[in-house]
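Undergrad:
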Amino acid sequence: MTPWSAVVAVAILSFALKAAGPTALGERELPPRARAVVALMAPALLAGLVVVDVAGDGWRTVDPALLAALTAVPLLRWCRLPMPAVLVGAAVLAAVVRRLTA
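In the numbering used here, the protein residues as written are 180 to 281.
1. Thinking just about the alpha-carbon of each residue, which of Pro243, Arg239, Asp242, Gly268 is nearest to the one in Pro253?
2. Since Met220 is in the alpha helix (DSSP H), which residue starts that stretch and which ends it?
3. Quick check: what's the CA-CA separation for Val301 versus Val187?
4. How far does the alpha helix (DSSP H) with Val189 in it extend, from its first residue to its last?
5. Between Val229 and Gly235, is the Cβ-Cβ spacing less than 8 angstroms?
Right under this line is the structure:
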């Protein structure tokens, strides 16, 4: 199977799965508990992707600067700083940690 045929197959499967929900439910709405689960799936998937990307291959190549910056972001947001200040603060922290560990 070539890479492009795999991409096409995944696209068709994705379309079919997305079409199956409205087809099966019709005009009915999901129960509140099911809506809550669906709403939490995207943040959980994003968090998993971030952890895998930060941890590296086999959890052996963890970048301390990236880890420090990712830890600083929720802490700075908790302090109610605006997002541009949070991004600058995380970037500065990453640069300092890189400088200290280099």
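Yeah, the Cβ is synthetic: ideal placement off N, Cα and C, and Gly gets one too.
TA: Here's the rundown:
1. Gly268
2. 211-234
3. Not covered by the structure: residue 301. The range shown for the chain is 180 to 281.
4. That run of the alpha helix (DSSP H) goes 182-204.
5. It is not a contact, given that the beta carbons lie outside the stated cut-off.
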